[in-house]
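77 is the number of the first residue of the sequence shown in our numbering; add one for each residue after it.
A virtual CB, placed ideally from N, CA and C, is assigned to each residue, including glycine.
If you're wondering where the values come from, they're calculated on a predicted model, not measured in any experiment.
Let me begin by presenting the structure, written as structure tokens, before commenting on it.
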Amino acid sequence: MLRALIYILPLALTIYAFIDCLNTPEDEAKHLPKVAWVFIILLFWIVGPIVWLVAGKTRATSAGGGRPSEWHRGSRSRWVAPDDNPDFLRSLKDENKKDESEKDEPALKDKDESALKDWEADLRRREEEIRRRESGTGPEDQAPPATS
């Protein structure tokens, strides 16, 4: 059983490092191109995978900060939730002020409604012109509108 472990452990390490190398984006491979790392892992059975795991890939820091001790001290370098981010809170406050200022200006709503009515009237006029053209009756065939 112990003899089998001598072969199975390096093989498992090689397979793990090989798959890890293949799944790593090209820009995260350090010191050498990714293809070179694949050859090193496969050619140097025991040393290659260990070197890849130690020096071949850019490792990300933990979510709480650069070192674990920072988390325990309570000083976090990143926000965990949006409500911890002062920029996000400021943007919410600005949106609320903007919504309140729009409620205070009914004249703008009346202006928008009148513009919408004008657009609708223009659309109806254009649709009527298209119907006249399709039916063959032009504007000159019709009686002029009565003036009041």
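Three-state class that DSSP yields for A131 in the structure shown: helix
Applying the criterion that 16 or more other CB atoms from any shown protein chain within 10 Å of the CB defines a buried residue, is T134 buried or exposed?
exposed
| message | Would W121 and P86 be called neighbours here (beta carbons separated by less than 7 Å)? | response | yes
key: C-beta atoms of T90 and P125 nearer than 7 Å   = yes
Could you name the residues that DSSP lists as bridge partners for A105?
In the DSSP assignment, A105 forms a beta bridge with K133.
Q.
How far does the alpha helix (DSSP H) with T100 in it extend, from its first residue to its last?
A. Where T100 is concerned, there is no enclosing alpha helix (DSSP H), given that its DSSP letter is neither H nor E.
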